[in-house]
């Protein structure tokens, strides 16, 4: 499996279950591993034959503006579905961390893996 990856992508999100979190944005950090749908890009060298990570980041940024997410798990699931459905990746690993949400930890979050149904 051939994978493109993005590490430590920082975006603002409306996320959290506590009252104070419902009226603010917080920085989240994403790590993504995205399986390429096929091997065409290795022969063609064309961006059209791969998953454009800049477009992925902008799509996720747009999703974060669309709504408030209660849990990091909900956000991770939504990001995974976007990548599988809109970018046609066969598999994705999504790690999302809230920064500074817990005083005793630098980051807290979740990592999920999803694949498309065949």
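Numbering (the numbering used here), first residue to last: 1459 to 1576. Ideal placement from N, C-alpha and C gives every residue a C-beta, glycine not left out.
Item	Value
How many angstroms separate the CA atom of residue 1463 from the CA atom of residue 1478?	33 Å
For a quick check, are the C-beta atoms of residue 1541 and residue 1486 less than 8 Å apart?	no
Buried or exposed: where does residue 1476 fall if 16 or more other Cβ atoms within 10 Å of its Cβ makes it buried?	exposed
Starting from the C-beta of residue 1510, find all residues in its chain whose C-beta is less than 8 Å away, skip the five residues before and the five after it, and write them out in chain order.	none
Could you give the residue range of the alpha helix (DSSP H) that holds residue 1547?	That residue, residue 1547, is in no alpha helix (DSSP H); it is neither H nor E in DSSP.
Out of 1523, 1551, 1558 and 1569, which one is the CA nearest neighbour of residue 1492?	1551
Within the stretch 1483 to 1542, note down every full beta strand (DSSP E) run reaching 3 residues or more, in order along the chain.	1484 to 1493
Please report the Cβ distance between residue 1519 and residue 1548, rounded to the nearest whole angstrom; I am assuming they are in contact, meaning their Cβ atoms lie under 8 Å.	At roughly 24 Å, the Cβ-Cβ gap does not stay under 8 Å, so residue 1519 and residue 1548 are not in contact.
Count the other C-beta atoms from every protein chain shown that fall within 10 angstroms of the C-beta of residue 1482, then say buried if there are 16 or more, exposed otherwise.	exposed
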